[in-house]
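Read through the structure below, which is laid out as structure tokens, and then see the notes.
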Amino acid sequence: MGHTIAALNRSTTVDWRSQGRWTMLSQQDNELLCHVGPGTPMGDLLRRYWHPVLLSEELPQPDCPPVRVKIMHEELVAFRDTNGIVGLLDNHCPHRRASLFFGRNEECGLRCVYHGWKFDVNGNCVDMPSEPAESNFKDKVKITAYPTKESAGMVWAYMGPKDLEPPFQNHVMHTVPADHVAVNKNRSYCNYLQGVEGHIDSAHIAMLHRNVGDDAPVSDDGTDKPGHLSQALFRYFTTKYRTPDLQAEETPYGFKYAGIRPTDKGNQWVRITKHALPLTFFIPNDDKNTASSCFITVPIDDDSFMRYAVRCRLDRPFSQKEREAGAAARAVNDADGNRVRTPSNDYLIDREAQRTMSITGIIGIPNQDFAVTESMGAVCDREREHLGTSDSAIIFLRRLLLKAVRGLQEGEDPPGLDAAMPFDMIRSEDIVIAPDGDWRELATEDQLLTRN
16 MGHTIAALNR
26 STTVDWRSQG
36 RWTMLSQQDN
46 ELLCHVGPGT
56 PMGDLLRRYW
66 HPVLLSEELP
76 QPDCPPVRVK
86 IMHEELVAFR
96 DTNGIVGLLD
106 NHCPHRRASL
116 FFGRNEECGL
126 RCVYHGWKFD
136 VNGNCVDMPS
146 EPAESNFKDK
156 VKITAYPTKE
166 SAGMVWAYMG
176 PKDLEPPFQN
186 HVMHTVPADH
196 VAVNKNRSYC
206 NYLQGVEGHI
216 DSAHIAMLHR
226 NVGDDAPVSD
236 DGTDKPGHLS
246 QALFRYFTTK
256 YRTPDLQAEE
266 TPYGFKYAGI
276 RPTDKGNQWV
286 RITKHALPLT
296 FFIPNDDKNT
306 ASSCFITVPI
316 DDDSFMRYAV
326 RCRLDRPFSQ
336 KEREAGAAAR
346 AVNDADGNRV
356 RTPSNDYLID
366 REAQRTMSIT
376 GIIGIPNQDF
386 AVTESMGAVC
396 DREREHLGTS
406 DSAIIFLRRL
416 LLKAVRGLQE
426 GEDPPGLDAA
436 MPFDMIRSED
446 IVIAPDGDWR
456 ELATEDQLLT
466 RN
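FYI, the working numbering numbers position 86 of the sequence shown as 101, with every residue one higher than the one before it.
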């Protein structure tokens, strides 16, 4: 076990001052990072990894209706065949380009209703009733089909070159029984980079998610000591100590960073976020029994993305009550899966609630995040930003992604795909440590496998 922990902890510390910390992102680099269509540099990079493309529950049974899927500008259709295997095909039939969303899912294939051409999960045309029986034309026609896997309540797909298919990144959510995982997804109406930069912005929680009265003094309730803070002290210290010391390090799987705040008793309150390439972010949470809480971001196109929120337990399954409570806390969709609070209705902001209850007047932490990231525009103009000390992790992420994109352009393999990497050991952390403690030493076997 020791050598696997060491593999996770190999890191490179960056001296921001020597790296030109205050340089804003140029328009050219911004476009390089934000465009994800086929043939774009970032699109090529992202296609070298596995991505979740829908929830397994969206295809509830064999031969159920197909589902539209759009990923990185590609219009696709997903279906579960008679054997329960999920196929992910080009949405447009190669015959006359009719949509296969209207197709019949039957007898291990999806049949186009226009002329009856039928395709299996591998993209083979298995029936072509519009051609003579003796014709072998169907053997010469294939439709684009991407390999899929089902794990952790999600359907995953690899959309890159077939001969370069990488190993599946076996994060902890993939190593536990299905009932130990809870997952939901939400669509955001802006470029993916705005969303992921929000995931690693530790400083914003002291303002954006603040409630009126959070800065009222709270007496020590016995949790201002090495271990985990109470919810009351969590909110109080977040507001009282608004400028965390941010420290970031590159790792073999991506990067990790810590937001470090003092406590009233002189301890260090540390929130550690881990980024696993390409776009998985392990977010600190204050539930010591939740082994993993992460966001997985998947671009839909340049102007929108899907965010998968995943919670995972090691000790036991989630109870139905816990699932319902978690879903309610994260609820942003109506019964049809559409966002209720959107840019078009100003997120149903309540100005009276903003004056008396919360900083934003917008209900729900996800909705508060959406409001600010989507208000930047479809693709943020980063040349006009003025970045400060609190933006260190964001600068780090941009440089890391640019390095990976340019490396791929120069013929290097994408980072973070080593099959020997113990991805299942990657965790975030939210913990109080002693005044002389070092957050980099938290990734011991005991710390990773328990939250006690």
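For glycine and all other residues, C-beta sits at the position ideal for the given N, C-alpha and C.
- Note on alanine 193: under 16 other CB atoms within 10 angstroms of its CB, so exposed under the neighbour-count rule.
- Excluding residues up to 5 positions away in sequence, Thr253, Thr254 and Arg257 lie with their Cβ nearer than 7 Å to the Cβ of alanine 221 in the same chain.
- DSSP, reduced to helix, strand and coil, places tyrosine 272 within a strand of the structure shown.
- In the DSSP secondary-structure assignment, proline 277 is bridged to Gln283.
- Under DSSP, the beta-bridge partners assigned to glutamine 262 are Ala273.
- Within a 10 Å sphere around the beta-carbon of glutamate 444 sit 16 or more other beta-carbons, which makes this residue buried.
- Positions of the beta strand (DSSP E) runs, each at least 3 residues long and wholly inside the region 114-152, are given as 140-142 in order along the chain.
- The region 163-179 makes no contact with the region 358-371, as fewer than three CB pairs between them are under 8 Å.
- Here tyrosine 207 has Thr312, Pro314 and Phe320 as same chain residues with Cβ atoms under 6 Å from its own Cβ, once five neighbours each way along the sequence are excluded.
- Judged by their CB atoms, alanine 172 and valine 196 are not nearer to each other than the 8 Å cut-off.
- A direct Cα-to-Cα measurement between asparagine 382 and serine 308 gives close to 18 Å.
- Distances from the alpha-carbon of cysteine 140 to those of Ala148, Trp284, Arg126 and Thr278 put Arg126 closest.
- For valine 187, the secondary structure class from DSSP, reduced to helix, strand or coil, is helix.
- Straight through space, the alpha carbons of methionine 169 and tyrosine 323 are spaced by roughly 9 Å.
- Here glutamine 262 has Ala273 as same chain residues with Cβ atoms under 6 Å from its own Cβ, once five neighbours each way along the sequence are excluded.
- Taking a cut-off of 8 Å on C-beta distances, the region 230-241 does not touch the region 410-428, as fewer than three cross pairs fall below it.
- Remark: fewer than three beta-carbon pairs, one from each stretch, lie closer than 8 Å, so the region 366-373 and the region 389-396 are not flagged as touching.
- DSSP places glutamate 389 in the uninterrupted alpha helix (DSSP H) bounded by 380-389.
- In this structure, Lys133 is the residue among Gly281, Lys133, Asp154 and Asn137 with its C-alpha nearest to the C-alpha of proline 144.
- In this structure, valine 128 lies near phenylalanine 117, with their beta-carbon atoms less than 8 Å apart.
- Here leucine 47 is actually not in contact with methionine 39; their C-beta atoms are around 14 Å apart, not less than 8 Å.
- When DSSP states are grouped into helix, strand and coil, threonine 295 belongs to the strand group.
- In this structure, DSSP gives arginine 331 a state outside helix and strand, which the three-state scheme calls coil.
- Taking the Cα positions, threonine 163 is about 7 Å away from leucine 103.
- The DSSP-derived three-state label of cysteine 309 is strand.
- In this structure, serine 373 lies near asparagine 226, with their beta-carbon atoms less than 8 Å apart.
- Counting the other CB atoms within 10 Å of its CB gives asparagine 282 a total of 16 or more, which places it among the buried residues.
- DSSP places leucine 432 in no alpha helix (DSSP H); its state is neither H nor E.
- Taking all protein chains shown into account, arginine 354 has 16 or more neighbouring C-beta atoms within 10 Å of its C-beta and is therefore buried.
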